[in-house]
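Trainee: Residue numbers (our numbering): 43 to 314. Sharing a structure, written as structure tokens. Questions coming.
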Amino acid sequence: MIHTQASLMEQLKGMGIDPQGTLLVHSSLKSIGEVQGGADTVLDALSEYMRPGLLVLPTHTWSYIDADNPQFSVRQSPSCVGILPELFRKRPGVIRSWHPTHSVAALGRDAAEFTSGDERWNTPCARGSVYGKLLDRKADILLLGVDLRRNTFIHGIEEWLDIPGRMTDSHEQLYTETPGGEIISVPSRRHCGLSWSQHFWKVEQVLETGGALRRASFGDAPVMICGTVQTTDILSRMLLADPELFSDNEPLDGGTVPEPLPKTKRGIPEKG
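What follows is the structure, given as structure tokens:
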């Protein structure tokens, strides 16, 4: 079957995603199957559906921006997380944030406000960064042909809770070259320790049982949609109860959602 912009938009409508809200998309283009017009049609469908709201794609550069190659260019540095983000960031009207390793690109309402200020934070997913703003906006995260191992937002939850062993204590001296050519110093702590994200899959059933994750299809691709508010609530309980939750690849015993935490122990700070 060949998918079209119209058929892809029909599938998006069936997912229950608010077109006036905020949507972050992690993606695998090849998982979608054959699309008339290819990758551009996929981006057209997502952009048109979210036209009244805000569409966000990660344009990360963590795989090659580091102490040995410290300068990130907002205009020129390619994304290391797939074809769709790389094409999306170059589209007219799309605004890219200025974080040297964990930038995102956004199109639509409040895109400039949403992406602004990330170069002020010395960690990848600070509460005041775009990842915290996703929570403030009650955004959805669309995992398009990929699983929870690609869900960077979970790194944010770990960071906000100050889970031990996730971040370096020291900073790398990185720099951001702005679209206007200014060079900004951005000392940055990095993710460290185990490959924590490779174990994020373990909570899939718990999130689904708790109503934080629902399933759909986009083209041929299986899709998971994660609500940021519900995901934060459930994973905060789990990580505070067991900070070593993502330290191994052993399946959980069941899909039971933990009891709500008392307000005094919830741990996630308010807006940054």
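We treat Cβ as the ideally placed atom computed from N, Cα and C, and that holds for glycine.
Quick check on Y217: does DSSP put it in helix, strand or coil?
Mentor: The answer is strand: DSSP assigns Y217 an E or B state.
Trainee: Opposite F260 in the DSSP bridges: which residues?
Mentor: Beta-bridge pairing links F260 to A263.
Trainee: Could you tell me the boundaries of the beta strand (DSSP E) in which D295 lies?
Mentor: From DSSP, D295 is part of no beta strand (DSSP E); its letter is neither H nor E.
Trainee: Thinking S383 and G187 are a contact (beta carbons under 8 Å), I'd like their distance in whole angstroms, please.
Mentor: With the chain covering 43 to 314 only, the question about residue 383 has no answer from this structure.
Trainee: Would you kindly report the start and end of the unbroken beta strand (DSSP E) that includes P229?
Mentor: Taken as a continuous stretch (DSSP letters only), the beta strand (DSSP E) holding P229 covers I225 to S230.
Trainee: Terminal residues of the continuous beta strand (DSSP E) containing H197?
Mentor: Counting along the chain, H197 falls outside any beta strand (DSSP E), though it belongs to the alpha helix (DSSP H) covering F195 to W202.
Trainee: The beta strand (DSSP E) with T64 in it runs from where to where?
Mentor: That run of the beta strand (DSSP E) goes T64 to S69.
Trainee: Along the chain, where does the alpha helix (DSSP H) that runs through D275 open and close?
Mentor: Where D275 is concerned, the enclosing alpha helix (DSSP H) stretches over T270 to A283.
Trainee: Could you pull the DSSP bridge partners for H141 from this structure?
Mentor: Looking at the DSSP assignment, H141 forms no beta bridge with any residue, so it has no partner.
Trainee: Using DSSP with H/G/I as helix, E/B as strand and the rest coil, what is P311?
Mentor: In this structure, P311 counts as coil in the three-state DSSP scheme.
Trainee: Which stretch, first to last residue, makes up the alpha helix (DSSP H) that contains F156?
Mentor: That run of the alpha helix (DSSP H) goes A153 to T157.
Trainee: Taking its Cβ as the centre, do 16 or more other Cβ atoms sit within 10 Å of T101, making it buried, or is it exposed?
Mentor: Buried: at least 16 other Cβ atoms inside 10 Å.
Trainee: State the Cα-Cα distance for the pair S237 and D290, rounded to the nearest angstrom.
Mentor: Spanning the two alpha carbons is a distance of roughly 9 Å.
Trainee: Hey, L85 and L126 are a contact pair by Cβ (cut 8 Å); roughly how many whole angstroms apart?
Mentor: Between L126 and L85 the Cβ distance is about 6 Å, and since that is below 8 Å, they are a contact.
Trainee: Taking S139 as the reference, give the member of A153, G207 and I276 with the closest Cα.
Mentor: Looking at the Cα atoms, A153 is the closest of the given residues.
Trainee: Taking the straight line between their C-alpha atoms, what separation do you get for P285 and S259?
Mentor: Roughly 33 Å separates the two Cα atoms.
Trainee: Return yes when the Cβ of F195 is within less than 8 Å of the Cβ of T143, no when it is not.
Mentor: No, they are not a contact pair.
Trainee: Among K72, V271 and K55, which residue has its Cα nearest to the Cα of I183?
Mentor: Comparing Cα positions, the closest option is V271.
Trainee: Between Q247, A168, L255 and Q53, which lies nearest to H233 when the distance is taken from Cα to Cα?
Mentor: Here the closest residue by C-alpha is A168.
Trainee: Just reading off the beta strand (DSSP E) that D182 is part of, what are its end residues?
Mentor: Segment D182 to L186, the beta strand (DSSP E) holding D182.
Trainee: How big is the Cα-Cα spacing for I107 and L216?
Mentor: Between I107 and L216, the C-alpha separation is close to 8 Å.
Trainee: Please report the straight-line C-alpha distance between L318 and R192, rounded to a whole angstrom.
Mentor: In the structure as shown, the chain starts at 43 and stops at 314, and residue 318 therefore has no counterpart that could be examined.
Trainee: Once DSSP output is grouped into helix, strand and coil, what is the label at M51?
Mentor: In the structure shown, M51 sits in a helix (DSSP, three-state: H, G or I).
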